[in-house]
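Residues 6 to 541, numbered by my numbering, are exactly what the sequence shown covers, in order. Written below as structure tokens is the structure these notes are about.
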Amino acid sequence: MKLQNLLGKITFRPSRTLRALLFLALEVVLVVPTCSVQKVDRGAKSADFYWSETGLSARELELALQPESCLQDHKSFLGCVNAISSMAERYSLALDFSGKLVPMTEETINSRLTEKRELEDWEKKLNGPEVSPEFSFLDLWKELDSQHVKAQERSAVVATGLNGFLSVTKDPHTYILPLNLYEEVVARGDARPTHMGFISKRVRGGAYVRKVFSGSPAAFVGLKKGDRILEINGTAVLSLHPAQYNEMLKARDSDRLRLLVERRENGMRSKKYFEILKSDEAYPNVLSRWVDESKRVGIVTIHKFARETCSMARREVIALKEEGLAGLILDLRDNPGGQVDEAACLLNLFVDKNKDLFETRYLDPTRPTDRYRTERDSIYKGPLSVLINGGSASASEIVAGSLKDLNRATLVGERSFGKGTFQDGHLWGVNPRVAFFETEGFYYFPTGWTPQLVGLEPDLKVSSLEDETLREDELYYSSLRPSDLWEGPQALSWMNEVGCIEPGSRLHQDDPQIDMAFSYLNCDTRNSNGDRNGTL
């Protein structure tokens with residue numbers, strides 16, 4: 006069966022079109038927080054539960070894994086490899102080149118850390134004797150299903166396989182998602198719990214703490230951003246594939262988590278043990294505080310662009326202004342994106358009326374370009390810096406890139422993720438309880454460039470301790486490449502002329518990126534001429 010025939014079964018009902026998303030699909034599908042305004046039920050729904058509610062059958066997966074589908078071309082074959090590998094990983098199994106499911110080793114775990122690396126290994130072997138053309142992907146699925154898959158998790162496993170297939174045969178941000186999960190979790194902008202109060206990422210060489218929430222159990226015991234996690238409850242992280250790692254962090258059968266971490270400070274490395282107690286506290290999607298109250302420099306942190314994000318950010322900025330805000334830092338680090346309308350609304354808080362912000366161009370050349378412009382006057386015209394890193398993706402790149410392109414803000418930190426595609430979501434014709442998100446095109450900044458694959462380069466580069474961050478061009482096999490790809494105005498000559506940036510006051514010893522942004526804003530509030538950030 007040809008791929009287009011299979012995907013032709015994925016039909017849409019235009020009466021229930023979901024709002025266009027610019028969301029990092031990997032974060033949606035694999036890392037599913039639960040949401041609550043105040044307290045969180047420890048028995049809250051898991052991703053498996055959401056999938057079980059859909060009643061998703063294996064029919065579409067089995068169509069994709071038919072020989073005529075998998076063997077029609079090179080890309081379809083690798084799509085079937087990725088489908089089986091993605092499902093097998095859940096059970097600590099790997100697909101070897103002879104077509105057998107075997108226990109994972111440290112080598113196969115490292116290979117599975119990125120889709121691109123594993124499939125490039127398969128590419129190298131495809132024309133050699135190691136890869137047998139005789140094995141059946143459909144039989145491999147049936148083996149997994151009969152020997153490992155439990156009834157209550159079957160829909161989730163099937164979805165994992167379908168998303169693995171789509172990631173290669175279409176692109177990595179075309180995927181399916183339970184409609185209830187989208188409506189109850191992904192699109193909501195209210196407070197969200199992390200239980201332990203930190204976010205980490207499994208990467209090459211282990212795992213790194215990417216964010217610690219203020220006032221959380223993790224912050225209370227002293228866990229810090231940049232800590233490298235070596236062990237979880239006595240189990241070496243290097244022995245865990247990403248699905249196992251994420252599951253262990255949930256600590257479903259315990260009220261605490263014991264971590265061994267490696268910390269690098271002042272050129273020295275040390276190991277520390279932390280025991281973190283679970284908490285039911287929820288952490289808001291948008292929050293603000295003073296970086297330096299005496300100099301009236303504030304920071305607004307946004308974790309994702311969900312419903313009401315712009316309204317929440319507006320309230321925080323106004324509250325800071327009422328107390329004499331002189332300089333603002335917008336923290337978009339590790340923000341995977343979200344809803345495009347929220348990104349456009351947020352930009353209007355800082356950019357005056359009737360300015361071009363960005364545009365979305367469709368892959369279908371017959372569809373007109375959508376242009377986004379500011380509709381009202383901004384609420385903050387003062388000095389502005391934006392923090393970005395390798396986890397800043399999609400809608401957060403729209404905000405940061407547009408502010409930079411409009412000469413409105415200074416970017417501080419590390420190169421962003423590089424996701425410049427946008428997706429539209431519809432109800433899946435196969436199953437009305439499932440949403441289907443399909444990549445429709447690229448977004449472009451006012452000067453005519455897209456961050457797809459290249460990301461945003463900061464004006465002031467400050468590397469953090471997590472030096473293993475992987476980005477769009479490193480993670481995925483089938484990332485889309487625009488025909489007019491160029492890196493845009495990444496190096497701005499005016500930055501070289503700023504002579505007042507100093508090492509900073511080191512108010513935040515654990516966060517040199519905030520220190521650099523503060524140092525620049527402190528400089529700019531003394532020397533602002535209105536060219537870049539407005540006047541005070």
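Cβ atoms here follow ideal geometry from the backbone N, Cα and C, with glycine treated the same way.
Note down, in chain order, each residue of its chain lying with its Cβ closer than 6 Å to the Cβ of residue 409, except the 5 sequence neighbours on either side.
To locate residue 409, count along the sequence shown from 1; it is residue 404. Correct list, in chain order: 416.
For residue 79, count the other beta carbons within 10 Å of its own beta carbon; 16 or more makes it buried, fewer makes it exposed. Which is it?
Position 74 of the sequence shown holds residue 79. By the 10 Å Cβ count, residue 79 comes out exposed.
Which parts of the region 324-396 are runs of the alpha helix (DSSP H), unbroken and 4 residues or longer, counting only runs that do not cross its ends?
For the region 324-396, the continuous alpha helix (DSSP H) assignments of 4+ residues that do not extend past its boundaries occur at 345-353, in sequence order.
In angstroms, rounded to a whole number, what distance separates the CA positions of residue 231 and residue 115?
One-based indexing of the sequence shown puts residue 231 at position 226. One-based indexing of the sequence shown puts residue 115 at position 110. The C-alpha of residue 231 lies about 21 Å from the C-alpha of residue 115.
Pick from 524, 251, 188, 271 that is closest to residue 206, judged by C-alpha positions
Here the question's residue 206 lines up with position 201 in the sequence shown. Comparing Cα positions, the closest option is 251.
Please identify the residue among 516, 382, 448, 521 whose C-alpha is closest to the C-alpha of residue 490.
Indexing the sequence shown from 1 puts residue 490 at position 485. The candidate whose alpha carbon is nearest that of residue 490 is 448.
Rounded to a whole number of angstroms, what is the C-alpha to C-alpha distance between residue 457 and residue 239?
Taking the first residue of the sequence shown as position 1, residue 457 is located at position 452. Taking the first residue of the sequence shown as position 1, residue 239 is located at position 234. About 40 Å.
How many angstroms separate the CA atom of residue 83 from the CA atom of residue 173?
Position 78 of the sequence shown, counted from the first residue, corresponds to residue 83. Position 168 of the sequence shown, counted from the first residue, corresponds to residue 173. C-alpha separation (whole angstroms): 7 Å.
Taking residue 365 as the reference, give the member of 413, 374, 357, 359 with the closest Cα.
The residue you call residue 365 lines up with position 360 of the sequence shown. The shortest Cα separation from residue 365 among 413, 374, 357, 359 belongs to 374.
Closest by CA to residue 361, which one among 354, 112, 378?
What you label residue 361 is simply residue 356 of the sequence shown in a count that begins at 1. Nearest option by C-alpha distance: 378.
Burial state of residue 187, where buried means 16 or more other Cβ atoms lie within 10 Å
Working through the sequence shown from its first residue, we reach residue 187 at position 182. Of the residues assessed, residue 187 falls on the buried side of the cut-off, its CB having 16 or more other CB atoms within 10 angstroms.
Leaving out the 5 sequence neighbours to the left and right, which residues in its chain are closer than 7 Å to residue 522 when beta-carbon positions are compared?
To locate residue 522, count along the sequence shown from 1; it is residue 517. Closer than 7 Å at Cβ, skipping near neighbours: 334, 390, 392, 417.
Considering just the uninterrupted stretch of the beta strand (DSSP E) at residue 212, what are its terminal residues?
As a first step, residue 212 is located in the sequence shown; it is residue number 207 there, counting from the start. Note, residue 212: beta strand (DSSP E), 211-217.
Candidates 304, 330, 396: closest to residue 477 by CA position
Here residue 477 refers to the residue found at position 472 when the sequence shown is read from its first residue. For the residues 304, 330, 396, the minimum Cα distance to residue 477 belongs to 396.
Under the assumption that residue 88 contacts residue 69 (Cβ atoms under 8 Å), give the Cβ distance between them as a whole number of angstroms.
For the purposes of this step, residue 88 is taken as the residue at position 83 of the sequence shown. For the purposes of this step, residue 69 is taken as the residue at position 64 of the sequence shown. About 7 Å; that satisfies the 8 Å criterion.
Just the Cα atoms here: how many angstroms apart are residue 326 and residue 301?
Against the sequence shown, residue 326 aligns to sequence position 321. Against the sequence shown, residue 301 aligns to sequence position 296. About 9 Å.
For residue 67, three-class secondary structure by DSSP
Indexing the sequence shown from 1 puts residue 67 at position 62. Three-state DSSP puts residue 67 in a helix.
With DSSP as the reference, label residue 454 as helix, strand or coil.
Sequence index remark: in the sequence shown, residue 454 carries index 449 (1-based). Of the three classes helix, strand and coil, the one that applies to residue 454 here is coil, per DSSP.
One or two residues paired with residue 204 in a DSSP bridge:
Along the sequence shown, read from residue 1 onward, the residue named residue 204 stands at position 199. According to DSSP, which records beta bridges pairwise, residue 204 is partnered with 216.
Taking the C-alpha atoms as reference points, what is the distance between residue 210 and residue 384?
What you label residue 210 is simply residue 205 of the sequence shown in a count that begins at 1. What you label residue 384 is simply residue 379 of the sequence shown in a count that begins at 1. The straight-line gap from Cα to Cα measures roughly 44 Å.
If you drop the 5 nearest sequence neighbours on each side, which residues of the same chain put their C-beta closer than 8 Å to that of residue 293?
Walking along the sequence shown from the start, residue 293 turns up at place 288. Residues of the same chain with a CB within less than 8 Å of the CB of residue 293, apart from the 5 flanking positions on each side, are 303, 304, 305, 306, 321, 322, 324, 325 in chain order.
In the structure shown, what three-state DSSP assignment does residue 292 receive?
Residue 292 sits at position 287 when you count from the first residue of the sequence shown. In this structure, residue 292 counts as strand in the three-state DSSP scheme.
Is there contact between the region 154-162 and the region 99-113, where contact requires at least three CB pairs shorter than 8 Å?
no
DSSP three-state label for residue 301, please.
As a first step, residue 301 must be located in the sequence shown, where it is residue number 296. Note: residue 301 maps to coil in three-state DSSP.
Put residue 140 into one of helix, strand or coil per three-state DSSP.
Along the sequence shown, read from residue 1 onward, the residue named residue 140 stands at position 135. Residue state, collapsed to three classes: coil.
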